[in-house]
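Here's the structure, in structure tokens; my notes come after.
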Ligand code: SAH
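Numbering (the numbering used here), first residue to last: 4 to 435.
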């Protein structure tokens, strides 16, 4: 086993639980007989110059993150290892009923499986369900009565070399663990499209690995409301699971009978939840036509197609096109991550401030703003400061109702700030 010897003093962050070793923190690499070089994907031990053992890591000399720790001990990596880690990750999702809820099952480093993401979608073949049940809104129980218990599909991302070269073991481990607990999987699709793979020197890879995917998409139920997920087409893994707890939270604050703007709606998750919880009408805006087509389908499954309007537009232009008397009782802003790295932060903040300022301008008295950022480099304090500046410019007083992060199936690991990325703040406009 090769050994990565750190420079003096570089171990502190690692001992506090951060799993990444950067290439400039490494003093030398040792093999069995003297100095050695690392191969992409192999495993190696990380030590201090004083020979204090830090742990075992997946390595990639092509990446600035040269090693990602996965264990504090000299643990090997085979199918059995992956099964153990996946079982533990499953147990960590105890707050969800996985027999009927879709969830992220493996959240990479935060589940001690660096660079591996696994989302599990629970539901039925949408086309079959629609043939069997014509009621709207479509209800879980009716579909189950007609077609039997739901099945499950996985969307898997191998984001680092260490995971990519062990894909066969990982897929087998996933199949075996899930078959034991929930019955055989209906399909596994690879969605390794993320930009991180480029930094690892890996090509984008997508496609079906096992089983089949329903041609019209998977019908899943989120917070008991029907949605369609197209794993092979969608952005990310087809449905943003990280917002599901926040969408549910809308039930507390929704303006009954009121008017809602779902900005950057993607497949309509927030807007549809708002309507199902009692809002009167909704406008869903997104720059992507395929996303809006999927949102339209979701509105239909929920029996809401007459209460929601879909607009294909750039959110910056669209918000500016309204005048103050076009007001909304609730506005949801869920833009894509404007800052992918620290160097983009200032520019990104201008974008966040602009859309928040415009949204605040359009809030009716007593209206609710739900504003999100999925940029990990934008910390909670800086996000709130941006909102304070926007509110001041918009002459809008806001009370914080709630400040939340990502859903519990995307665990936040203390000591590893990269796992804490989503901010979802709820504010109410108040008079002076
Ligand atoms: N709220 C969604 C997730 C939003 S993801 C949900 O709950 O599922 C961000 C969305 O913003 C994507 O659908 C993307 O198409 C859209 N988007 C990106 N840039 C945009 C822009 N400038 N104007 C409008 N929509 C944009």
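Glycine included, each C-beta is placed from N, C-alpha and C at the ideal position. If you're wondering where the values come from, they're calculated on a predicted model, not measured in any experiment.
Within 10 angstroms of its Cβ, does residue i collect 16 or more other Cβ (buried), or is it exposed?
| i | result |
| --- | --- |
| residue 376 | buried |
| residue 433 | exposed |
| residue 333 | buried |
| residue 369 | exposed |
| residue 403 | exposed |
| residue 328 | exposed |
| residue 258 | buried |
| residue 25 | exposed |
| residue 261 | buried |
| residue 422 | buried |
| residue 371 | buried |
| residue 193 | buried |
| residue 11 | exposed |
| residue 34 | exposed |
| residue 274 | buried |
| residue 98 | exposed |
| residue 60 | buried |
Starting from residue i, follow its DSSP beta bridges and name the residues at the other end.
| i | result |
| --- | --- |
| residue 120 | 110, 160 |
| residue 228 | 225 |
| residue 24 | 70 |
| residue 58 | 49 |
| residue 406 | 428 |
| residue 104 | Per DSSP, none; premise fails for residue 104. |
| residue 33 | 6, 38 |
| residue 132 | Residue 132 is not bridged to any residue. |
| residue 125 | 155 |
| residue 262 | 284 |
Ordered along the chain, which non-local residues of its own chain (more than five positions away) have a Cβ less than 7 Å from that of residue i?
| i | result |
| --- | --- |
| residue 348 | 342, 380, 381 |
| residue 233 | 220, 241, 297 |
| residue 361 | 322, 323 |
| residue 300 | 231 |
| residue 217 | 128, 129, 130 |
| residue 138 | 145 |
Identify, in the order they occur along the chain, each residue of the same chain with its Cβ nearer than 8 Å to the Cβ of residue i, setting aside the five sequence neighbours on each side.
| i | result |
| --- | --- |
| residue 419 | 20, 21, 22, 112, 113 |
| residue 14 | 51, 55, 57 |
Kindly list the residues whose CB is nearer than 6 Å to the CB of residue i, restricted to its own chain and excluding five residues on each side of it in sequence; keep chain order.
| i | result |
| --- | --- |
| residue 96 | 106, 412 |
| residue 428 | 374, 406 |
| residue 1 | Only positions 4 to 435 of the chain appear in the structure, and residue 1 is not among them; the question remains open. |
| residue 317 | 290 |
| residue 364 | 397 |
| residue 210 | 193 |
Say yes only if the C-beta of residue i is nearer than 7 Å to one or more non-hydrogen atoms of ligand 2, and no if none qualify.
| i | result |
| --- | --- |
| residue 263 | Ligand 2 is not among the ligands present in this structure, which contains only ligand 1. |
With a threshold of 8 Å between beta-carbons, can residue i be considered close to chain D, or not?
| i | result |
| --- | --- |
| residue 265 | No chain D appears in this structure, which consists of one protein chain only. |
inquiry  = Assess contact between the stretch 281-292 and the stretch 250-270, defined as three or more Cβ pairs (one per stretch) separated by less than 8 Å. Is contact present?
reply    = yes
inquiry  = Using 8 Å as the cut-off, can you tell me whether the stretch 163-174 makes contact with the stretch 115-122, which would need three or more C-beta pairs spanning the two stretches below that distance?
reply    = yes
ask   = Pairing CB atoms from the stretch 169-178 with CB atoms from the stretch 83-99, are three or more of them under 8 Å?
value = yes
request  = For the stretch 310-358, list the alpha helix (DSSP H) runs that are entirely contained and at least 4 residues long, ordered along the chain.
outcome  = 318-324
The stretch 70-82 contacting the stretch 123-134, beta-carbon criterion three pairs below 8 Å = no
inquiry  = For a minimum of 3 consecutive residues, which ranges assigned as the beta strand (DSSP E) are wholly contained in the stretch 265-308?
reply    = 284-289
query = For the stretch 378-398 against the stretch 66-74, are there 3 or more C-beta pairs whose distance is under 8 Å?
reply = no
task = Tell me the start and end of each unbroken beta strand (DSSP E) in the stretch 185-223 that is at least 3 residues and wholly inside, in chain order.
result = 190-195, 208-214
query = Taking only runs of the alpha helix (DSSP H) that begin and end inside the stretch 361-400, which ones reach a length of at least 4 residues, in chain order?
reply = 383-397
request  = May I ask you to verify whether the stretch 144-162 touches the stretch 248-257, counting CB pairs closer than 8 Å and requiring at least 3?
outcome  = no
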